[in-house]
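A.B. asks: Here it is: the structure, laid out below.
Protein chains: 2
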Amino acid sequence: MTVETSADMPVNPLILKLEAFHALSEADKELLTRLSTTSRTVGPREDLIREGDPPERVYLILEGFACRYKILPDGSRHIMAYMVPGDLCDLHVFILKTMDHSIGTLSACEVVDLPRAQVMEMIERPAIARALWWSGLVDGATLREWLVNIGARSAEERVAHLLCELLVRLRLVGLATEDRYELPITQNELGDTMGLSTVHVNRVLQRLRAEGLIIFKSQKLVILKVAELMAFSGFNPNYLHLESRRTLYAARG
Amino acid sequence: MTVETSADMPVNPLILKLEAFHALSEADKELLTRLSTTSRTVGPREDLIREGDPPERVYLILEGFACRYKILPDGSRHIMAYMVPGDLCDLHVFILKTMDHSIGTLSACEVVDLPRAQVMEMIERPAIARALWWSGLVDGATLREWLVNIGARSAEERVAHLLCELLVRLRLVGLATEDRYELPITQNELGDTMGLSTVHVNRVLQRLRAEGLIIFKSQKLVILKVAELMAFSGFNPNYLHLESRRTLYAARG
DNA sequence: CGTAAAATTGATCTGTCTCAACGTGGGTGG
DNA sequence: CCACCCACGTTGAGACAGATCAATTTTACG
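As structure tokens, then:
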């Protein structure tokens with residue numbers, strides 16, 4: 504158990520994200536900062552909670568990538584969502600008896616465990632409650648967009664779409680610049696996310712590289728032509744519901 | 504605008520569904536009955552709300568099948584969810600400026616429009632609020648299961664899985680018997696749901712028929728071997744979170 | 001440096017798509 | 001009430017995206 508100080512963690516990604524929806528008061532920010540003070544370091548490929556477990560707390564990711572996933576009867580894994588810094592898992596999950604999926608880390612993560620009482624404390628603040636409510640709706644919309652992505656787009660478009668989405672989401676928490684970010688994900692994990700074989704993910708990435716759209720090496724992604732990649736993949740950020748609050752995605756066209 | 508009487512509508516599917524989670528008081532049921540008194544008939548293939556529109560009300564389906572869908576840049580449609588009697592669209596959607604997808608009918612429907620004030624009225628009742636909260640979590644879990652379905656299963660398993668899910672969901676509202684229900688959906692719509700071409704859906708259905716698993720003709724589905732179809736498709740109803748509340752799905756094995 | 005995980009390559013196979021035609025059944029107007 | 005008609009379902013042939021299997025190379029790291 505690590506107790507992080509403000510020196511270790513200059514900016515709280517949850518605050519950054521929620522303020523993309525609307526501004527929070529100093530008191531609200533202090534509460535969120537206090538609740539995320541006690542985090543723990545979790546290694547890569549570790550489960551935070553497993554399918555079948557009773558949901559007892561909510562997880563907040565401060566650093567690293569985690570995911571929601573299911574294991575199918577044949578042993579294959581499907582990843583249904585990425586959780587990046589600032590992301591909370593479902594706040595309302597306490598009402599359910601058991602988890603219907605697992606949550607695990609992809610890279611090493613800094614994770615905050617929020618027991619029910621602390622979630623309540625957050626929700627009692629109207630501005631925070633509203634921002635979390637927005638955040639939950641965006642999570643749902645993202646899931647729907649993923650469904651369309653897998654159901655209706657080619658392998659190349661699918662991967663490109665994911666890279667565009669992560670660019671926008673990571674910019675929100677200061678973890679992406681205009682055109683690049685750290686993506687601590689293997690090609691195998693990408694495959695389990697997109698419903699593609701690892702071999703095919705590799706070929707798709709090579710094609711995106713050959714087309715001069717991206718550079719992806721040593722977990723570092725550079726999108727060489729952001730507008731082109733968005734257009735190619737049919738990426739329309741409307742489902743992230745950032746409205747006109749900030750200029751978080753590059754101009755298109 | 505039709506005003507339905509209790510004679511026209513013997514049982515309110517929303518009440519049936521919510522009571523699968525936990526019992527409601529008479530007063531709660533009266534409120535729900537009152538709020539669903541004024542419904543309107545909507546023809547097949549009509550939109551209730553379109554992508555880009557501001558969400559002004561919530562829809563409750565009393566009869567018929569509706570769906571959430573998106574139209575892609577190339578003109579193709581992807582259906583992301585089915586709404587069957589008793590289903591409500593997202594209660595919290597008011598906070599968003601615009602819809603990121605459309606909602607439209609598949610068959611002719613009886614639909615209740617609930618303006619914000621009426622949603623508030625429901626949510627003020629603790630038992631109803633809890634049941635609706637559960638219902639919203641189940642909707643999210645269903646979306647995740649659909650993602651896995653499309654991402655990780657073969658065409659035949661996919662279609663079979665959907666048929667199993669609808670069996671359980673429709674039983675909940677008294678619209679399926681042990682092994683059969685009305686499915687007012689074309690093969691083309693099934694294809695847009697499963698990410699398959701219409702031609703392939705046709706061949707998949709033929710194979711399921713040939714294997715003696717189903718009969719599907721004139722919008723009437725009979726599942727000849729329920730346990731086998733569930734096993735074949737990898738259907739595990741845990742994501743519907745019916746727990747031990749009622750025996751809503753057949754014993755397996 | 002050695003080792004295991006991850007990325008890459010090549011060859012082959014197959015599920016699903018596309019295109020194009022034909023059958024069919026239920027609703028409607030004459 | 002019949003005949004037409006159109007949406008829907010069905011069939012066949014050929015093409016292709018992506019899977020699978022089996023190495024091999026590269027990278028990260030202890």
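Chains A and B supply the protein sequences, listed in that same order.
Residues in the first sequence are numbered consecutively from 504, following our numbering.
Residues in the second sequence are numbered consecutively from 504, following our numbering.
C-beta atoms are modelled at their ideal positions from N, C-alpha and C, and glycine is treated no differently.
In this text, all values refer to a predicted model and were calculated from it rather than measured experimentally.
1. Identify whether Asp550 (chain B) lies in helix, strand or coil by the three-state DSSP scheme.
2. Note the first and the last residue of the continuous alpha helix (DSSP H) segment covering Pro629 (chain A).
3. Kindly list, in the order they appear in chain B, the residues whose Cβ is closer than 7 Å to that of Met623 (chain A).
4. From the DSSP output, which residues share a beta bridge with Lys723 (chain B)?
5. Between which residues of its own chain and Leu678 (chain A) is the CB-CB distance below 8 Å, once the five residues before and five after are set aside?
6. Quick one: what's got a C-beta closer than 6 Å to Ile518 (chain B)'s C-beta in the same chain, skipping five residues either side?
7. In angstroms, rounded to a whole number, what distance separates the CA positions of Glu522 (chain A) and Gly555 (chain B)?
8. Roughly how many angstroms separate the alpha carbons of Arg710 (chain B) and Ala569 (chain A), rounded to a whole number?
9. Which residue's Cα is closest to the Cα of Thr689 (chain B): B:Met602, B:Leu724, B:Thr540 and B:Glu668?
10. Along the chain, where does the alpha helix (DSSP H) containing Ser736 (chain A) start, and where does it finish?
11. Evaluate the contact criterion for the stretch 657-675 of chain A versus the stretch 621-638 of chain A: three or more CB pairs, one atom per stretch, below 8 Å.
12. Can Gly643 (chain B) and Leu594 (chain B) be called in contact, C-beta distance under 8 Å?
13. Any heavy atom of the ligand NAD closer than 7 Å to the Cβ of Arg656 (chain A)?
14. Per DSSP, Ile582 (chain B) is paired with what?
15. Tell me, please, whether the CB atom of Arg560 (chain B) is closer than 8 Å to any CB atom in chain A?
16. For the 8 Å Cβ check, are there 3 or more pairs between the stretch 694-706 of chain B and the stretch 612-626 of chain B?
17. Using 10 angstroms around the beta-carbon of Pro618 (chain B), count the other beta-carbons present and answer buried if the total reaches 16, otherwise exposed.
18. In whole angstroms, give me the CA-to-CA distance for Val676 (chain A) and Ala713 (chain B).
19. Along chain A, which residues have their Cβ under 9 Å away from the Cβ of Glu746 (chain B)?
20. Alpha carbon to alpha carbon, how far is Ala611 (chain A) from Glu566 (chain B)? Give it in angstroms, no decimals.
21. Against Pro576 (chain A), what residues of chain B qualify as contacts under a CB-to-CB distance less than 8 Å, listed in chain order?
22. Give the residues of chain B in contact with Ser579 (chain A), contact being defined as C-beta atoms less than 8 Å apart.
23. Quick check on DSSP: helix, strand or coil for Thr701 (chain A)?
24. Counting only the same chain and skipping the five closest in sequence on each side, list residues whose C-beta sits under 7 Å from that of Asp603 (chain A).
25. Which residue from B:Pro558, B:Leu669 and B:Pro687 puts its Cα closest to that of Gly546 (chain B)?
26. Return the chain-ordered list of same chain residues with a C-beta closer than 8 Å to the C-beta of Arg580 (chain A), the five sequence neighbours on each side being excluded.
27. Could you tell me the boundaries of the alpha helix (DSSP H) in which Asp577 (chain A) lies?
28. Taking Pro618 (chain B) as part of the beta strand (DSSP E), name the residues at either end of that continuous run.
29. Give me the Cα-Cα distance between Gly715 (chain B) and Leu727 (chain B), rounded to the nearest whole angstrom.
30. Run down chain A in chain order and give the residues with a C-beta less than 7 Å from the C-beta of Met583 (chain B).
31. Could you compute how far the alpha carbon of Gln722 (chain B) sits from the alpha carbon of Asp590 (chain A)?
32. By how many angstroms is the C-alpha of Gly578 (chain A) removed from the C-alpha of Ser542 (chain A)?
33. In angstroms, rounded to a whole number, what distance separates the CA positions of His525 (chain B) and Ser539 (chain B)?
34. Between A:Leu699, A:Thr645 and A:Cys667, which lies nearest to Phe735 (chain A) when the distance is taken from Cα to Cα?
35. From the DSSP secondary-structure annotation, give me the bridge partner or partners of Arg543 (chain A).
36. Using the C-alpha atoms, what's the distance from Lys600 (chain A) back to Arg755 (chain A)?
C.D. replies: In this structure, then:
1. If DSSP states are grouped into helix, strand and coil, Asp550 (chain B) belongs with the strands.
2. For Pro629 (chain A), the enclosing alpha helix (DSSP H) stretches over residues Pro629 to Ala655.
3. The premise fails here: Met623 (chain A) is roughly 14 Å from chain B at the closest Cβ pair, so nothing lies under 7 Å.
4. As DSSP reads the structure, Lys723 (chain B) sits in a beta bridge with B:Glu685 and B:Lys720.
5. Annotation for Leu678 (chain A): Pro516, Val587, Pro588, Tyr684 and Glu685 place their beta carbon closer than 8 Å to its own, counting only its chain and skipping 5 residues before and after.
6. Lys532 and Leu535, listed in sequence order.
7. Distance between the alpha carbons of Glu522 (chain A) and Gly555 (chain B): 23 Å.
8. In a straight line, the C-alpha of Arg710 (chain B) is about 39 Å away from that of Ala569 (chain A).
9. Among B:Met602, B:Leu724, B:Thr540 and B:Glu668, the Cα nearest to that of Thr689 (chain B) belongs to B:Leu724.
10. Unbroken alpha helix (DSSP H) run through Ser736 (chain A): Val729 to Ser736.
11. Contact between the stretch 657-675 of chain A and the stretch 621-638 of chain A is absent, because fewer than three Cβ pairs lie under 8 Å.
12. It is not a contact, given that the beta carbons lie outside the stated cut-off.
13. No copy of the ligand NAD appears in this structure; indeed no ligand is present at all.
14. Looking at the DSSP assignment, Ile582 (chain B) forms a beta bridge with B:Tyr572.
15. With 8 Å as the cut-off, Arg560 (chain B) does not count as an interface residue toward chain A.
16. Result no; under three Cβ-Cβ pairs closer than 8 Å.
17. Classification of Pro618 (chain B): exposed, given that the 10 Å Cβ count is below 16.
18. Between the C-alpha atoms of Val676 (chain A) and Ala713 (chain B) there is a straight-line separation of about 53 Å.
19. For Glu746 (chain B), the chain A residues whose C-beta falls within less than 9 Å of its own C-beta are Leu599, Lys600 and Thr601, listed in chain order.
20. Between the C-alpha atoms of Glu566 (chain B) and Ala611 (chain A) there is a straight-line separation of about 49 Å.
21. The contacting residues are Gly737.
22. Ordered by position in chain B, the residues that pass the 8 Å Cβ test against Ser579 (chain A) are Ala655.
23. Helix at Thr701 (chain A).
24. Excluding sequence positions up to five before and after Asp603 (chain A), its CB lies within less than 7 Å of the CB of Glu554, all in the same chain and listed in chain order.
25. Here the closest residue by C-alpha is B:Pro687.
26. Annotation for Arg580 (chain A): Tyr572, Lys573, Ile574 and Asp695 place their beta carbon closer than 8 Å to its own, counting only its chain and skipping 5 residues before and after.
27. Where Asp577 (chain A) is concerned, there is no enclosing alpha helix (DSSP H), because DSSP gives it neither an H nor an E.
28. Looking at the DSSP string, the run of the beta strand (DSSP E) that includes Pro618 (chain B) is Cys612 to Pro618.
29. A direct Cα-to-Cα measurement between Gly715 (chain B) and Leu727 (chain B) gives close to 7 Å.
30. Listed along chain A, the residues sitting closer than 7 Å to Met583 (chain B) by beta-carbon distance are Arg647, Leu650 and Val651.
31. The straight-line gap from Cα to Cα measures roughly 43 Å.
32. Per the coordinates, the alpha-carbon of Ser542 (chain A) lies some 32 Å from the alpha-carbon of Gly578 (chain A).
33. When rounded, the distance between both Cα atoms is 20 Å.
34. Looking from the CA of Phe735 (chain A), the closest CA among A:Leu699, A:Thr645 and A:Cys667 belongs to A:Cys667.
35. DSSP, once it has assigned bridges, lists A:Val614 as partnering Arg543 (chain A).
36. Its pLDDT being 38, under 50, Arg755 (chain A) is placed unreliably in this model, and the coordinates cannot settle the point.
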